[in-house]
Amino acid sequence: MCRQATEAIAYIHSRGVIHSDLRPDNFLVHTTDYDLMLCDFGGSTCEEIGIEGETLPDDGFFDPNSDCTTTVATDIFSLGSVLYTIVSGHWPYREPPCGFFTSREEMDEYGSRVNGFFSRGIYPDTKGLYVGEIILRCWNKKYSSANEILRELDASESSASNSETS
Numbered sequence: 001m002c003r004q005a006t007e008a009i010a011y012i013h014s015r016g017v018i019h020s021d022l023r024p025d026n027f028l029v030h031t032t033d034y035d036l037m038l039c040d041f042g043g044s045t046c047e048e049i050g051i052e053g054e055t056l057p058d059d060g061f062f063d064p065n066s067d068c069t070t071t072v073a074t075d076i077f078s079l080g081s082v083l084y085t086i087v088s089g090h091w092p093y094r095e096p097p098c099g100f101f102t103s104r105e106e107m108d109e110y111g112s113r114v115n116g117f118f119s120r121g122i123y124p125d126t127k128g129l130y131v132g133e134i135i136l137r138c139w140n141k142k143y144s145s146a147n148e149i150l151r152e153l154d155a156s157e158s159s160a161s162n163s164e165t166s
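Numbering (the UniProt record's numbering), first residue to last: 1 to 166.
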């Protein structure tokens with residue numbers, strides 16, 4: 001699923017589209033083959049055709065240190081949180097069970113907490129998580145494109161399969 005999420009972002013970026021609102025809710029899982037499908041392009045931007053979405057990702061999926069504009073970097077930061085959610089089973093700094101927020105206050109408290117950590121460059125522990133280093137590099141703005149992440153995923157999968165056959 002990490003690969004499919006990253007492929008979706010690489011594809012839309014290759015077409016000049018910035019999603020602007022990446023979060024787990026905007027990935028649908030096909031019931032038959034479990035393929036991921038990216039959805040909800042309502043806030044997306046595409047300079048080529050003049051679409052200027054005004055949506056920013058939810059707390060936990062947005063870099064509070066950014067200047068509130070949507071860019072490739074915005075999507076890559078958000079992708080780090082999406083990958084974290086895929087491999088950990090919960091949003092950054094939100095422990096399971098973490099269904100829907102039960103009140104506006106709970107949602108605001110979560111936003112304040114996660115934005116406080118993220119604004120200081122403090123991210124959840126990813127040690128031992130599949131693609132943990134890739135997630136940290138997304139959050140720390142070490143990638144300029146989703147294709148770079150795909151190459152690292154390829155290398156990670158290749159080294160994992162090589163160690164299994166050794």
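Using N, Cα and C, we set each Cβ at its ideal position, and we do this for glycine too. Quick caveat: nothing in here was measured; it's all calculated off a predicted structure.
Give the C-beta separation of F77 and K141 to the nearest angstrom, bearing in mind that I take them to be a contact with Cβ-Cβ under 8 Å.
7 Å
Does I12 come within less than 9 Å of chain C when only Cβ atoms are used?
Considering every chain present, this structure includes no chain C. It has just one protein chain.
Give me the DSSP bridge partner(s) of T45.
I18, E52
Bridge partners - L38, DSSP secondary structure assignment:
F27
Residue closest to I122, alpha-carbon to alpha-carbon, out of Y93, N147, D35:
From the listed residues Y93, N147, D35, the smallest Cα separation to I122 is found for Y93.
From L83 to V114, what distance separates their C-alpha atoms?
16 Å
Relative to the C-alpha of S88, which candidate in K127, T32, R104 has its C-alpha closest?
For S88, the nearest C-alpha among the options comes from K127.
So the alpha helix (DSSP H) C68 belongs to, where does it begin and stop?
No alpha helix (DSSP H) holds C68; DSSP gives it neither H nor E.
Which of the three DSSP states is assigned to I122 in this structure?
I122 falls in the coil class under three-state DSSP.
Taking the alpha helix (DSSP H) that E95 falls in, what are its first and last residues?
Per DSSP, E95 belongs to no alpha helix (DSSP H) and is neither H nor E.
Check whether the Cβ atoms of D59 and M107 sit closer than 9 Å, and answer yes or no.
Yes.
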